[in-house]
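A short write-up of the structure that comes next.
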Amino acid sequence: MHPNADVLQGTLDLLILKSVASDPMHGWGISQRIQQISSGVLEVNQGSLYPALHRLVKRGWLQATWGTSENNRRARFYRLTAVGKKQLVDETATWRRFSAAVEAILTTP
Amino acid sequence: MSIWSDIAQRVCGLVGREPDANLGDELRFHLDMEARQLEASGLSHDAATAEARRRFGGVDRYTEELRDERGGRMLEHLRIDARYALRLARRFPAFTAIVVLTLGISIGANTAIFSVVNAVLLRPLPFPRGDDLVVLYAQNPDKSLPRFSVSYADYLDWRKETHSFTDIAAFAPASLTFTQNDDAQRLSGLSVTTNYFDVLQVRPHLGRLFRDGDPPTETENEIVLTYGFWQRQLAGDPSVIGRPIKIGSSGRTVIGILPAAFDANSGGLDAVTVLVPASIPSVESHAQHLLSVIGRLRPGTTLASAQADLLGVATRVAAANPGIAGWTANVFSLRDELVRTLANPLYVLLAAAGLVLLIGCINVANLLFTRSAIRDREVALRQALGASRRRLVSQLMVESAELAIAGAVLGLLIAKLTLRAILAVAPTGLLPTTIDLDLRVMAFAAGLIVFTTLIVGLWPALSATRPRLTGPLHDGGRASTGGLRTLRARRTLVVAETSLALVLLICAGLVIQSLSHMLRVDPGFRPERVVTMRLSLTGARYNDTTQIQFFRDLQTRLAARAGIEAVAAANTPPISAGGITTAIRLIGVPPRAGEQLMGAATAVTPGYFRALAIPVVQGRDVDWNDPDPKLLVSQAAARQYWPGQSPIGKRIAFGTRDTLGLEVVGVVADSRSRGITTDAPAMIYMAYAGATRVARTMTLVVRGRGDVSAVLATTKAVVREIDPTLALYNVRTVDDIIQQSIGQPRLNTMLLSFFAFVAVALAIIGIYGVVSYSVAQRTQEIGVRMALGAGQRDVMSLILREGGALAMIGVVVGVGGALVATRFIQSWLFGIERMDAATILVTAAGLIVVAVAASYLPARRASRVDPLVAMRAD
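As you go down the protein sequences, you meet chains A and B in turn.
End of the first sequence = 120 in this note's numbering, gap-free, step of one.
End of the second sequence = 876 in this note's numbering, gap-free, step of one.
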């Protein structure tokens with residue numbers, strides 16, 4: 012896999028939901044978290060990130076509030092809603108099934 | 003996110019800057035963080051900022067995408083389209099002006115007529131559960147009299163025996179003299195049975211009203227006043243309740259004031275008293291048709307079952323009373339009765355206005371076709387650049403909507419002016435005095451906007467954005483097949499509007515001729531310089547002798563005055579219901595079994611026919627010195643009663659008990675005493691001496707030499723000389739009465755003609771437009787023709803023929819439409835057939851001529867085409 016690959020279509024939502032699962036985060040934080048945890052393999056394109064965030068807010072999976080960042084800047088924080096939590100569980104399960112299936116196909120000689 | 007904040011966000015996305023600013027903040031925060039990270043990795047501040055921006059791309063693009071994501075896109079597009087449409091409207095001011103004016107006139111005409119419909123036909127009666135109120139009539143199918151007055155005896159029987167009504171009440175107009183500060187004036191009154199207000203369920207504004215069961219000894223000295231009269235004459239003084247006012251020669255106690263809403267439907271009524279049956283002549287006779295009857299249906303009773311009930315009762319009553327054989331009864335809804343004469347004209351006019359709107363829409367659609375041809379390349383370019391069809395159509399629809407809204411704003415203004423004109427022209431009493439553009443009218447206008455937008459915009463928009471492979475971009479701006487298709491669509495539109503215009507034109511032609519026939523009809527008397535006025539000889543002072551003495555005196559004294567040519571009196575005005583219908587018998591002519599002959603009679607003083615210049619064709623006029631009251635009959639009556647015989651010396655008896663009858667001494671020419679558009683009725687004229695008891699209120703007929711006011715002043719002075727307590731009222735010239743009687747046809751004709759005029763004007767503009775367009779399309783072809791030897795004349799006739807052919811097809815379709823449409827104005831026509839060939843020929847030929855004339859300008863333009871230029875063009 013090429014490093015710095017764009018996040019696979021359809022998985023961005025899952026990654027965002029997972030990133031904000033423990034703590035509320037702002038957009039920048041989310042993009043950093045995804046990049047760090049994936050050791051730089053996954054890089055979130057800002058042009059996809061913010062529309063996705065707003066889409067998730069609209070669907071009611073995320074809730075957005077204005078707050079103060081760690082360096083005292085005004086920033087928009089996203090937190091997982093109850094519906095979002097359920098969605099995260101569902102999507103995680105779906106992803107696991109999917110990747111296991113792909114893995115099985117790839118490892119078959 | 004709640005639905006409200008969602009909406010708020012969308013709306014903000016459309017108009018506000020606030021969420022954008024937030025959006026910017028969020029993205030700016032991201033940029034700053036990126037830059038900070040880069041700076042930390044060793045870049046200079048400026049370089050870090052620049053790199054962050056580079057990595058991020060344009061902020062605008064994201065804002066745009068984000069806004070799409072937030073659902074603001076549709077509204078945003080709407081805003082852009084609206085702004086673009088406004089710019090476009092400003093760029094083509096002539097186009098915009100024509101479109102807005104066309105839509106304004108069409109929408110205005112519709113809104114005005116609808117306001118009248120709304121005020122007259124759709125407004126509920128000002129009574130609780132007004133839809134349960136009904137009118138009961140006597141009817142005689144054999145004589146085709148579906149709506150006839152009811153006798154008091156019938157009323158009592160109906161009230162006792164029917165069970166479909168909670169109650170029924172009877173009433174009759176009453177004329178009262180009101181004296182205040184020695185000034186006598188006539189009131190328009192109603193005398194009613196005591197349960198009248200119970201039936202209507204009217205609550206008093208002040209005091210109390212008559213109630214069912216009030217004893218006659220009390221009610222005969224009581225009076226109820228209308229709100230209008232109370233305000234006008236008594237200054238709205240509440241202390242008037244319980245006080246007597248002078249009515250006739252004695253006082254009556256004011257017991258209550260009617261609510262103001264009552265006035266709106268009672269046509270200038272002043273006061274209400276209780277009907278005294280004893281004052282009705284031969285009150286016990288079932289044939290004495292004098293009263294109007296209203297009733298209230300029992301809850302849950304239908305009109306049809308009430309009709310069956312009433313019919314059964316009336317049939318039994320008729321069977322028990324031989325004098326009224328053939329008479330039954332009819333019941334109608336009060337609401338329908340009140341608007342009966344108005345409903346048909348109003349719906350016809352509304353339909354006519356609707357046609358004008360349709361034609362207006364067609365014209366505007368046509369103009370939009372022209373413009374879409376001009377904008378073909380713009381549309382094609384945008385399609386090529388990836389605009390979706392939906393997006394383009396919605397943009398074009400926004401443009402149409404904007405035009406329709408501008409048209410509607412102008413339309414409301416035009417509607418207001420039209421309404422004012424209608425109310426000014428309408429005969430008094432026909433329409434409510436004020437008609438407002440209320441909420442329902444506004445909703446109607448809004449509906450028209452949606453309708454016009456769809457009609458006007460959709461077709462051109464769909465046709466302009468039709469997907470195509472080789473478009474105008476390809477063929478260098480010259481529309482080829484697409485242009486032809488558009489041309490065909492436009493020709494269809496023009497044919498449609500021409501045919502609609504012809505339908506209106508034929509209808510207008512018919513009603514205009516009807517009106518002119520009405521104006522030219524010979525009423526059978528000479529109306530010029532004749533003034534009529536009413537006066538009542540009531541009170542202790544008047545009896546048979548003094549009443550006769552009064553009129554003899556008046557005639558002698560007035561005849562001696564300058565400026566007076568002739569004076570006489572009758573108990574019905576020269577143009578009115580045409581006498582009082584009463585039971586008669588022809589002495590010596592045995593009646594057909596079970597049939598009661600009815601005749602229309604009026605009491606006249608000697609000189610009445612001379613005053614109105616109605617010729618006495620046989621025998622003589624009545625005379626003051628006749629030993630007993632004599633009769634004259636009209637020619638129609640003579641033919642009907644004694645066909646083939648001379649009526650002179652024949653005798654007619656009135657009522658059921660008289661066996662001797664009165665002698666006919668003369669025959670007078672027929673006159674249209676039932677109204678100018680109604681055939682002269684069979685009339686019996688009785689010498690006043692025979693009718694002094696019943697004819698206490700008389701109409702003076704004064705033919706003068708000078709102007710009306712001088713005649714009136716002289717008459718007033720002489721009347722005052724004889725009896726200063728008498729009041730003259732209802733002063734009108736006979737000309738006025740005639741004009742008033744055709745006031746409604748005149749109004750209808752004016753409106754319909756106006757609509758037809760607008761329709762034809764629009765159709766002509768349409769033909770001009772489409773022929774011009776076709777000339778522009780065919781410039782090259784014309785060039786080729788001329789190069790091949792066609793002369794200017796040939797080219798002109800080619801183009802003129804095109805306009806003529808369009809009109810011709812429109813005319814054929816239009817005549818077909820008129821076959822149907824004229825059915826609805828059948829009742830408006832007078833002295834002309836519904837499918838009058840001359841009218842159809844003239845209007846059709848006229849329309850074709852005008853259409854060819856409208857094609858003249860484009861034809862001339864075509865004939866001046868320079869073949870060289872034309873063929874090289876494009």
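All C-beta atoms in this analysis are idealised placements derived from N, C-alpha and C, irrespective of residue type, glycine included.
Here the structure is a predicted model, which is why all the values come from computation and not from measurement.
As the crow flies, the alpha-carbon of P683/B is around 12 Å from that of V670/B.
Distance from the CA atom of T751/B to the CA atom of L135/B, rounded to whole angstroms, is 33 Å. Scanning its chain for C-beta atoms nearer than 6 Å, with the 5 sequence neighbours on each side dropped, one finds around C363/B the residues T454, I457, V458, in chain order. Taking a Cβ-Cβ threshold of 8 Å, the residues of chain B close to A86/A are E28, F31, in chain order. When C-alpha distances from A498/B are compared across R393/B, L360/B, I582/B, A408/B, the shortest belongs to L360/B.
DSSP, reduced to helix, strand and coil, places S251/B outside both helices and strands of the structure shown, so it counts as coil. The alpha-carbon of T228/B is positioned some 46 Å away from that of A761/B. Note on P726/B: under 16 other CB atoms within 10 angstroms of its CB, so exposed under the neighbour-count rule.
Under a criterion of Cβ atoms nearer than 7 Å, the residues of chain A adjacent to M35/B are, in order, W39.
Assignment of alpha helix (DSSP H) within the region 208-289 of chain B, counting only whole runs of 4 or more residues, yields 218-221, 229-236, 262-266 in chain order.
R57/B belongs to the set of residues whose beta carbon lies under 9 Å from a beta carbon in chain A. Within the model, the alpha-carbon separation for L517/B versus V844/B is close to 18 Å. Going by beta carbons, Y687/B and L749/B fall outside the 9 Å limit. If only uninterrupted alpha helix (DSSP H) runs of at least 4 residues are considered, those enclosed by the region 746-821 of chain B are 781-789. In the structure shown, the three-state DSSP call for M837/B is coil. Taken in chain order, the whole beta strand (DSSP E) runs of length 3 or more contained in the region 707-749 of chain B are 731-735. Residue pairing of N332/B in beta bridges, as defined by DSSP: Y139/B.
The Cβ atoms of R705/B and V532/B lie closer than 9 Å to each other. The beta-carbon separation of V395/B and L464/B, rounded to 6 Å, stays under the 8 Å limit for a contact.
For V201/B, the CB contacts under 8 Å within the same chain, skipping 5 residues up- and downstream, are L135, T168, D169, I170, A171, I296, G297, R298 in chain order. For R863/B, the closest C-alpha among the options I437/B, L790/B, Q779/B, L831/B is that of Q779/B. The alpha-carbon separation between L99/A and S30/A amounts to approximately 10 Å.
In the DSSP assignment, H37/A forms a beta bridge with F88/A. Distances from the alpha-carbon of I769/B to those of A613/B, V797/B, M810/B put M810/B closest.
The DSSP assignment places complete alpha helix (DSSP H) segments of no fewer than 4 residues inside the region 141-189 of chain B at 154-163, in order along the chain. Assignment of Y687/B by DSSP, reduced to helix, strand and coil, places it in the strand class. Every beta strand (DSSP E) stretch that sits fully inside the region 481-558 of chain B and reaches 3 residues is listed by chain position as 532-538. Interface flag for S49/A against chain B is unset, since no Cβ pair is found closer than 9 Å. Excluding the 5 residues flanking it on each side, T103/A has same chain C-beta neighbours closer than 8 Å at L25, K29, in chain order. What Q98/A touches in chain B, judged by beta-carbon distance under 9 Å, is nothing: the nearest beta carbon there is about 15 Å away.
Chain-order list of chain B residues neighbouring Q46/A: empty, with the shortest C-beta distance near 11 Å, by a criterion of under 7 Å.
Sequence-distant Cβ neighbours of L369/B in its own chain, meaning closer than 7 Å and more than five residues away, are F97, I100, V101, G771. Selection S673/B, T699/B, L432/B, F552/B evaluated against A615/B yields S673/B as nearest (Cα-Cα).
By the neighbour-count criterion, in which 16 or more other beta carbons inside 10 Å mark a residue as buried, L441/B falls on the exposed side. For Q57/A, the enclosing alpha helix (DSSP H) has its first and last residue at 57-70.
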